[in-house]
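Numbering (the working numbering), first residue to last: 31 to 485. Quick reminder that beta carbons are idealized off the backbone N, C-alpha and C, glycines included. None of the values given here were measured: they were computed from a predicted structure. Just below is one structure, and these are the notes that go with it.
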């Protein structure tokens, strides 16, 4: 299978082939055919069929001309139409072109027809306009089948030629057999060449798509790595600048506290202790920010969501432990890769699973945790959700659960969900919570995957 081709790139290919190249080429070819059919004797005497079927061909050409006038008008504004409609109309135009070219092969001499070479161009056109493998291969096979059908129709009509002699001498009969064998060999060679062209065009497209996606992936790796490093350096610099004033505040508060204790002013001493506690807490936050610089120096990788989720579940629900919680995991096949640092993704998954596990443990009937990873509606993101059947979160707390140091657990730090939110937003994602008291909670994380890759 070829790599997935994004919507904008497919639009560009359609515009290039159908509008920039297709429209001028069709106008030139249709004009030339109109001249040959209506203003010259080129078709007369070309073959038995050319003499007999010329009036029918003219009628068919007029109908084909009308269809192509509409097709050309459509192609001139092809970027304004929805992609699905543009591709469907382009497919129908390709089918009509194949039928017309097949008819021209019948009229212009069958195996000797120069129209054969246009089928090669048709195959190249299909490869550019239809990057989706099923559509491209189907159109190419239809083109080859149309050419073969035209050859056999031509042979069948020639065999019924009333002007052919009833009797041929042995030398003439042998000559006809040689010509027939040569024609069969030529047909085999030409058909094989069309098949080879189809395979080569598809193969070249796969290589070009992979090269393009590799370039996009490399650019995305570099961009995200630089973003992480910049964020880490900025956080460390801010933390370093704030630590010194906090140290001065802490020392001043400590000195004032000692004086308050000596003067037995307990109220003042208590207030100063509160100041020192808050300074210590702020210092811990800044220390974590300085540590984040080291974390941001990690390597961005192409991560498989199914693999990372499986490892996170093993970490949170080890086989040797009995939490009395059943875990159900559902992962959609063929999810795009995530360009993230593994430690950032693992923190998101583990923190959400730990919260769900702790909530489900309190269910006396035996807790359940459900995890789902699926493709987002935009087909360019992964939506991961974790749901438990615990006690749920009060409505007035749902919006606050992602705040640092806010927790409803007796032994919680209040940092788990804040880290989840931070890591998701760091890569252009988002996170939200849904809950109802007595019915558990559900956390939904949307991971951005800017470059679609084949798994």
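Would you mind stating whether residue 98 and residue 45 have Cβ atoms separated by less than 7 Å?
-> On the chain shown, position 68 is the one that residue 98 refers to. On the chain shown, position 15 is the one that residue 45 refers to. No.
Have a look at 460, 403, 53, 417 and flag the residue whose alpha-carbon is nearest the alpha-carbon of residue 104.
-> Position 74 of the chain shown holds residue 104. Here the closest residue by C-alpha is 53.
Thinking just about the alpha-carbon of each residue, which of 172, 171, 457, 275 is nearest to the one in residue 494?
-> As shown, the chain starts at 31 and ends at 485. That puts residue 494 outside it, with no answer to give.
What does DSSP give as the partner residues of residue 475 in its beta bridges?
-> Taking the chain shown and counting its residues from 1, the one referred to as residue 475 is at position 445. Beta-bridge pairing links residue 475 to 414, 461.
Which same chain residues, not among the five before or five after residue 361, have their C-beta less than 6 Å away from its C-beta?
-> What you label residue 361 is simply residue 331 of the chain shown in a count that begins at 1. So the qualifying residues of the chain are 336, 403.
State yes or no: is the C-beta of residue 121 within less than 7 Å of the C-beta of residue 37?
-> By one-based count along the chain shown, residue 121 stands at place 91. By one-based count along the chain shown, residue 37 stands at place 7. Inclusion of residue 121 and residue 37 in the CB contact set at 7 Å is not warranted, their separation being larger than that value.
Cβ of residue 398 within 7 Å of Cβ of residue 419?
-> Within the chain shown, the letter at position 368 stands for residue 398. Within the chain shown, the letter at position 389 stands for residue 419. Contact: yes.
Thinking C-beta only, is residue 153 closer than 7 Å to residue 170?
-> For the purposes of this step, residue 170 is identified with residue 140 of the chain shown, where counting begins at 1. For the purposes of this step, residue 153 is identified with residue 123 of the chain shown, where counting begins at 1. A contact, by the Cβ cut-off of 7 Å.
Which of the three DSSP states, helix, strand or coil, is assigned to residue 469?
-> By 1-based counting over the chain shown, the position of residue 469 is 439. Residue state, collapsed to three classes: coil.
Is it the case that the Cβ atoms of residue 422 and residue 459 are separated by a distance below 7 Å?
-> Taking the first residue of the chain shown as 1, we reach residue 422 at position 392. Taking the first residue of the chain shown as 1, we reach residue 459 at position 429. Judged by their CB atoms, residue 422 and residue 459 are not nearer to each other than the 7 Å cut-off.
Grab the span of the alpha helix (DSSP H) containing residue 109 for me, first residue to last.
-> Here residue 109 refers to the residue found at position 79 when the chain shown is read from its first residue. That residue, residue 109, is in no alpha helix (DSSP H); it is neither H nor E in DSSP.
Between the C-alpha atoms of residue 342 and residue 387, what's the straight-line distance to the nearest angstrom?
-> Reading the chain shown from its first residue, position 312 is the one you call residue 342. Reading the chain shown from its first residue, position 357 is the one you call residue 387. Roughly 12 Å separates the two Cα atoms.
Terminal residues of the continuous beta strand (DSSP E) containing residue 398?
-> Within the chain shown, residue 398 is the residue found at index 368, counting from 1. Looking at the DSSP string, the run of the beta strand (DSSP E) that includes residue 398 is 397–405.
For residue 89, which residues does DSSP report across the bridge?
-> As a first step, residue 89 must be located in the chain shown, where it is residue number 59. BP columns for residue 89 are empty, so no partner.
Simplified DSSP state of residue 330, which is helix, strand or coil = Along the chain shown, read from residue 1 onward, the residue named residue 330 stands at position 300. Secondary structure of residue 330 (DSSP, three-state): strand.
Do residue 268 and residue 309 have their CB atoms nearer than 7 Å?
-> In the chain shown, the residue the question calls residue 268 occupies position 238. In the chain shown, the residue the question calls residue 309 occupies position 279. Result no, Cβ atoms of residue 268 and residue 309 do not sit closer than 7 Å.
Counted within 10 angstroms of its Cβ, other Cβ atoms place residue 338 as buried (16 or more) or exposed = Counting from 1 along the chain shown, the entry for residue 338 is found at position 308. By the neighbour-count rule (16 or more Cβ atoms within 10 Å), residue 338 is buried.
DSSP state of residue 225 mapped onto helix, strand, coil = Your numbering for residue 225 matches position 195 in the chain shown. If DSSP states are grouped into helix, strand and coil, residue 225 belongs with the helices.
What number of angstroms, rounded off, separates the C-alpha of residue 250 from the C-alpha of residue 450?
-> The residue you call residue 250 lines up with position 220 of the chain shown. The residue you call residue 450 lines up with position 420 of the chain shown. Their Cα atoms are separated by approximately 22 Å.
Considering only C-alpha positions, which residue in the set 233, 276, 94, 428 is nearest to residue 59?
-> Within the chain shown, numbered from 1, the residue matching residue 59 stands at position 29. For residue 59, the nearest C-alpha among the options comes from 94.
Neighbour-count burial assignment, residue 354, 16 or more Cβ in a 10 Å radius | As a working note, residue 354 is residue 324 in the chain shown. Looking at its Cβ environment, which holds fewer than 16 other Cβ atoms inside 10 Å, residue 354 is exposed.
Could you give the C-beta distance for residue 313 and residue 369, rounded to a whole number, given that I count them as a contact under 8 Å?
-> By one-based count along the chain shown, residue 313 stands at place 283. By one-based count along the chain shown, residue 369 stands at place 339. Under the criterion of beta carbons closer than 8 Å, residue 313 and residue 369 do not qualify as touching, at roughly 34 Å.
Please list, in chain order, all residues of the same chain as residue 412 whose beta carbon is under 8 Å from its beta carbon, the five residues on each side excluded.
-> Start at 1 with the first residue of the chain shown, and residue 412 comes out as number 382. Excluding residues within five positions, the ones whose Cβ falls inside 8 Å are 335, 365, 366, 368, 403, 404, 405, 406, 476, 477, 479.
Which first and last residues belong to the alpha helix (DSSP H) in which residue 371 is found?
-> Counting from 1 along the chain shown, the entry for residue 371 is found at position 341. No alpha helix (DSSP H) holds residue 371; the beta strand (DSSP E) holding it covers 368–371.
Rounded to a whole number of angstroms, what is the C-alpha to C-alpha distance between residue 137 and residue 151?
-> In the chain shown, counting from the first residue as 1, residue 137 sits at position 107. In the chain shown, counting from the first residue as 1, residue 151 sits at position 121. Computed Cα separation, rounded: 20 Å.
Quick one: Cα of residue 299 to Cα of residue 311, how far?
-> Position 269 of the chain shown holds residue 299. Position 281 of the chain shown holds residue 311. So the two alpha carbons sit approximately 18 Å from each other.
Proximity below 7 Å, CB of residue 128 to CB of residue 159 | To locate residue 128, count along the chain shown from 1; it is residue 98. To locate residue 159, count along the chain shown from 1; it is residue 129. For residue 128 and residue 159, no; Cβs fall outside 7 Å.
Neighbourhood of residue 119 by C-beta distance below 7 Å, restricted to the same chain and skipping five residues each side = As a working mapping, residue 119 is identified with position 89 in the chain shown. Cβ contact annotation for residue 119 (same chain, cutoff 7 Å, sequence separation greater than five): 104, in chain order.
Take the Cβ of residue 134 as the centre, count every other Cβ of all protein chains shown within 10 Å, and call the residue buried at 16 or more, exposed below.
-> Your numbering for residue 134 matches position 104 in the chain shown. Around the C-beta of residue 134, 16 or more other C-beta atoms lie within 10 Å, and the residue is accordingly described as buried.
What is the C-beta distance between residue 385 and residue 446, in whole angstroms, given that I count them as a contact (C-beta under 8 Å)?
-> Looking up residue 385 in the chain shown gives position 355. Looking up residue 446 in the chain shown gives position 416. Contact flag correct, Cβ pair sits at about 6 Å.
Report the rounded CA-to-CA distance for residue 248 versus residue 221, giving the unit in angstroms.
-> Walking along the chain shown from the start, residue 248 turns up at place 218. Walking along the chain shown from the start, residue 221 turns up at place 191. Computed Cα separation, rounded: 41 Å.
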